[in-house]
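Chains as they are written, first to last, in our numbering: chain A, 339 to 490; chain B, 52 to 315.
Just below is one structure, and these are the notes that go with it.
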Amino acid sequence: MKIELIVNGEQCEADVWEGESLLYALRERLGLYGSKNACEQGECGSCSVLLDGSLVCACLVLAAQAEGHEVVTVEGLADANGLHPVQEAFVETGAVQCGFCTPGLVVATTELLRQNPDPSDDEIREALSGNLCRCTGYTKIFDAVRLAAQRA
Amino acid sequence: MDVLTPRSLDEALRLRAAHPDALPIQGGTDLMVDLNFDRRRPEALLNLNEVAELKGWSRENGVVRLGAGLTYTDAMSAKLAALLPAFSEASRTVGSPQIRNRGTIGGNLGTASPAGDALPPLLISECEVELQSVRGERRLALESFLIGPKRNALAPDELILAVRVRGGLGTQTFMKVGPRNAMVIAVVSLALGVDRERGVLSAAFGSAAPVATLVTAALDDVDSFPEQVAAAASPIDDVRGTGAYRRHALRVLVARALERCLTR
Ligand SMILES: Cc1cc2nc3c(=O)[nH]c(=O)nc-3n(C[C@H](O)[C@H](O)[C@H](O)COP(=O)(O)OP(=O)(O)OC[C@H]3O[C@@H](n4cnc5c(N)ncnc54)[C@H](O)[C@@H]3O)c2cc1C
Ligand code: FES
Ligand code: FES
Numbered sequence: 339m340k341i342e343l344i345v346n347g348e349q350c351e352a353d354v355w356e357g358e359s360l361l362y363a364l365r366e367r368l369g370l371y372g373s374k375n376a377c378e379q380g381e382c383g384s385c386s387v388l389l390d391g392s393l394v395c396a397c398l399v400l401a402a403q404a405e406g407h408e409v410v411t412v413e414g415l416a417d418a419n420g421l422h423p424v425q426e427a428f429v430e431t432g433a434v435q436c437g438f439c440t441p442g443l444v445v446a447t448t449e450l451l452r453q454n455p456d457p458s459d460d461e462i463r464e465a466l467s468g469n470l471c472r473c474t475g476y477t478k479i480f481d482a483v484r485l486a487a488q489r490a
Numbered sequence: 052m053d054v055l056t057p058r059s060l061d062e063a064l065r066l067r068a069a070h071p072d073a074l075p076i077q078g079g080t081d082l083m084v085d086l087n088f089d090r091r092r093p094e095a096l097l098n099l100n101e102v103a104e105l106k107g108w109s110r111e112n113g114v115v116r117l118g119a120g121l122t123y124t125d126a127m128s129a130k131l132a133a134l135l136p137a138f139s140e141a142s143r144t145v146g147s148p149q150i151r152n153r154g155t156i157g158g159n160l161g162t163a164s165p166a167g168d169a170l171p172p173l174l175i176s177e178c179e180v181e182l183q184s185v186r187g188e189r190r191l192a193l194e195s196f197l198i199g200p201k202r203n204a205l206a207p208d209e210l211i212l213a214v215r216v217r218g219g220l221g222t223q224t225f226m227k228v229g230p231r232n233a234m235v236i237a238v239v240s241l242a243l244g245v246d247r248e249r250g251v252l253s254a255a256f257g258s259a260a261p262v263a264t265l266v267t268a269a270l271d272d273v274d275s276f277p278e279q280v281a282a283a284a285s286p287i288d289d290v291r292g293t294g295a296y297r298r299h300a301l302r303v304l305v306a307r308a309l310e311r312c313l314t315r
């Protein structure tokens, strides 16, 4: 089936299988490999995207449910001036090791700071509880979130 | 496979009657896992996301009507937290922000897991489930809707429309035991309410019987209530915990929850 949706501000059309996830459609039909596929069961958050401005796991949204809706992926955060401040903060603090979790964490952090520009450590912990990182031990990720919040 | 996307409740009910093999999908947080892992391959899916009638909540007299499409994030709003404290607290323990933004109470009732976190808090608030089909509407007490582990009383042509609960029923709280504060399926969960006006204690637990279960007692029975609730459980041993641990934890949770509610 064909679906139409807006991805990162652009009107797109994708030819999808009825039972596939939005994550599969983004990666395999639209060539947007930023959102990662690790667990396909909502546990790891590496596929986090914004659907109509709300943070969701793209692996748990049926692609057909995104028809007529707006999706922002990690690729949509940087602009002509360069990286998004959250991306810059992740690079500067060394919050990226293998990088597999990074796109999801960057999208989740962007959404956290939009809702709460000055989060406490507990608020950061709760907001990022759906994003797993196997490498960093989270300390540097917290540093990145605090740095991005300071600069915003 | 086919995806049917109705734009109104009327259309949804007509499609449901015409395609009884089309599985409703709302937030997809239960169903998509099964689809992704090829555990289920339904003939068709009935996408309820565009049915505005299922969204949001309203209040009339003492009754709060929660649309089946209400998400856990919606349930955490300050207004609903004031009316249905245990339900709102339970919603905050569900999964992660990503899961709470998509997961709905309609889906929790649809799945009818013994561990469903929306169920205990709804049970202590005198919950009725509104079911509708092209044949008409019926209402069932939540206790009668839940008929077994992952089994409910939904007919093949029906949709869950909403649940009705009584708001402002005294003091309430919710507690959940698990290895982490986020992203856990409850080892055991408890919603507890103290209604001083009517002199009633109510407790409902999850993950400690084939279905979420309600126990009520008179306010005077405070001292024996933890034992009463634990005795009503029939927990099993599984990967998350033993039956004996669950029964013990339930007793402890009831005592703690009573203390919390009685000193508030
Ligand atoms: C990572 C993760 C963590 C989770 N954590 C928790 C947790 O902490 N606590 C918890 O309780 N659950 C948890 N869940 C399970 C799930 O999020 C909840 O059960 C949620 O309420 C399901 O809602 P949904 O809208 O996503 O359901 P869907 O997946 O869309 O549907 C679930 C079932 O309900 C049926 N259904 C949905 N809406 C209707 C309707 N209106 N009428 C008739 N049938 C309907 C569907 O056909 C399907 O059988 C978790 C899931 C994941 C993936
Ligand atoms: S791939 Fe979606 S949450 Fe892990
Ligand atoms: S940097 Fe490797 S998983 Fe997070």
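Yeah, the Cβ is synthetic: ideal placement off N, Cα and C, and Gly gets one too.
Values in this document were obtained by computation on a predicted structure and should not be read as measured data.
Per-residue contacts from residue i into chain B (C-beta, under 7 Å)
i                 : result
Ser-386 (chain A) : Gln-149
Asp-392 (chain A) : Per the sequence presented here, residue 392 (chain A) reads as Ser, with Asp not at that position. Here the neighbours are Asn-152.
Residue i versus residue j: straight-line alpha-carbon distance, rounded
i                 : j                 : result
Ala-133 (chain B) : Glu-94 (chain B)  : 42 Å
Cys-382 (chain A) : Ala-129 (chain B) : 28 Å
Asp-288 (chain B) : Leu-160 (chain B) : 24 Å
Gln-403 (chain A) : Ala-269 (chain B) : 48 Å
Ala-363 (chain A) : Glu-356 (chain A) : 11 Å
Ala-68 (chain B)  : Ala-376 (chain A) : 37 Å
Gln-379 (chain A) : Ala-283 (chain B) : 33 Å
Pro-200 (chain B) : Ala-166 (chain B) : 9 Å
Ala-308 (chain B) : Met-226 (chain B) : 8 Å
Gln-349 (chain A) : Phe-428 (chain A) : 29 Å
Asp-20 (chain B)  : Ala-433 (chain A) : There is simply no residue 20 (chain B) to check, as chain B begins at 52 and stops at 315 in what is shown.
Ala-204 (chain B) : Ala-192 (chain B) : 11 Å
Val-145 (chain B) : Gly-406 (chain A) : 28 Å
Cys-397 (chain A) : Leu-361 (chain A) : 5 Å
Ile-198 (chain B) : Thr-56 (chain B)  : 29 Å
Asp-456 (chain A) : Ala-352 (chain A) : 38 Å
Trp-108 (chain B) : Phe-138 (chain B) : 13 Å
Ile-341 (chain A) : Val-354 (chain A) : 7 Å
Ala-416 (chain A) : Ala-263 (chain B) : 47 Å
Leu-400 (chain A) : Pro-75 (chain B)  : 12 Å
Gln-223 (chain B) : Gly-229 (chain B) : 20 Å
Ala-300 (chain B) : Val-394 (chain A) : 33 Å
Glu-101 (chain B) : Asp-272 (chain B) : 47 Å
Arg-367 (chain A) : Val-114 (chain B) : 47 Å
Helix, strand or coil at residue i [DSSP, three-state]
i                 : result
Val-75 (chain B)  : Here residue 75 (chain B) turns out to be Pro, not Val, going by the sequence shown. If DSSP states are grouped into helix, strand and coil, Pro-75 (chain B) belongs with the strands.
Ala-63 (chain B)  : helix
Glu-94 (chain B)  : coil
Cys-312 (chain B) : helix
Ala-269 (chain B) : strand
Cys-473 (chain A) : coil
Ala-259 (chain B) : coil
Val-280 (chain B) : helix
Ala-213 (chain B) : strand
Ala-306 (chain B) : helix
Met-52 (chain B)  : coil
Ala-446 (chain A) : helix
Met-226 (chain B) : strand
Leu-173 (chain B) : helix
Leu-99 (chain B)  : coil
Asn-203 (chain B) : strand
Asp-81 (chain B)  : coil
Ala-69 (chain B)  : helix
Glu-248 (chain B) : coil
Lys-374 (chain A) : coil
Asp-208 (chain B) : coil
Contact list for residue i against chain A, beta-carbon separation under 9 Å
i                : result
Met-83 (chain B) : Ser-359, Glu-378, Gln-379, Gly-380, Cys-395, Cys-397, Leu-398, Val-399, Leu-400
Closer than 9 Å at the beta carbon, the chain B residues around residue i
i                 : result
Glu-356 (chain A) : Met-52, Asp-53, Val-54, Ala-95, Leu-96
Neighbouring residues, chain A, relative to residue i (Cβ below 8 Å)
i                 : result
Gly-79 (chain B)  : Leu-398, Val-399, Leu-400, Gln-403
Met-234 (chain B) : Glu-381, Ser-467, Gly-468
Leu-105 (chain B) : Ordered by position in chain A, no residue passes the 8 Å Cβ test against Leu-105 (chain B), which lies about 14 Å from the chain.
Leu-210 (chain B) : Ordered by position in chain A, no residue passes the 8 Å Cβ test against Leu-210 (chain B), which lies about 17 Å from the chain.
Gly-146 (chain B) : Gly-380, Gly-468
Chain A residues whose Cβ lies nearer than 7 Å to that of residue i
i                 : result
Ile-76 (chain B)  : Leu-400
Leu-86 (chain B)  : Gly-357
Asn-100 (chain B) : Gln-403
Contact test: residue i Cβ vs ligand 4 heavy atom, cutoff 7 Å
i                 : result
Ala-119 (chain B) : This structure lacks ligand 4; its bound ligands are ligand 1, ligand 2 and ligand 3.
The region 432-452 of chain A contacting the region 469-483 of chain A, beta-carbon criterion three pairs below 8 Å = The region 432-452 of chain A makes contact with the region 469-483 of chain A; the number of CB pairs closer than 8 Å reaches 3 or more.
task = Check whether the region 114-130 of chain B touches the region 81-98 of chain B, counting contact only when three or more Cβ pairs, one atom from each stretch, lie closer than 8 Å.
result = no
ask   = Does the region 476-487 of chain A touch the region 450-467 of chain A, meaning 3 or more C-beta pairs lie closer than 8 Å?
value = yes
message = Runs of 3 residues minimum, wholly inside the region 399-428 of chain A: which ones carry the beta strand (DSSP E) assignment?
response = 408-410, all fully within the region 399-428 of chain A.
ask   = Is the number of C-beta pairs between the region 106-125 of chain B and the region 149-156 of chain B that are closer than 8 Å three or more?
value = Result yes; three or more Cβ-Cβ pairs closer than 8 Å.
inquiry  = Closer than 8 Å is the cut-off here; do at least three beta carbon pairs connect the region 291-300 of chain B with the region 264-278 of chain B?
reply    = Result no; under three Cβ-Cβ pairs closer than 8 Å.
query = Fully enclosed by the region 100-155 of chain B, which alpha helix (DSSP H) runs are 4 residues long or longer?
reply = 123-126, 129-134, 136-143, 148-153
query = Do the region 176-193 of chain B and the region 209-225 of chain B meet, that is, are 3 or more Cβ pairs less than 8 Å apart?
reply = yes
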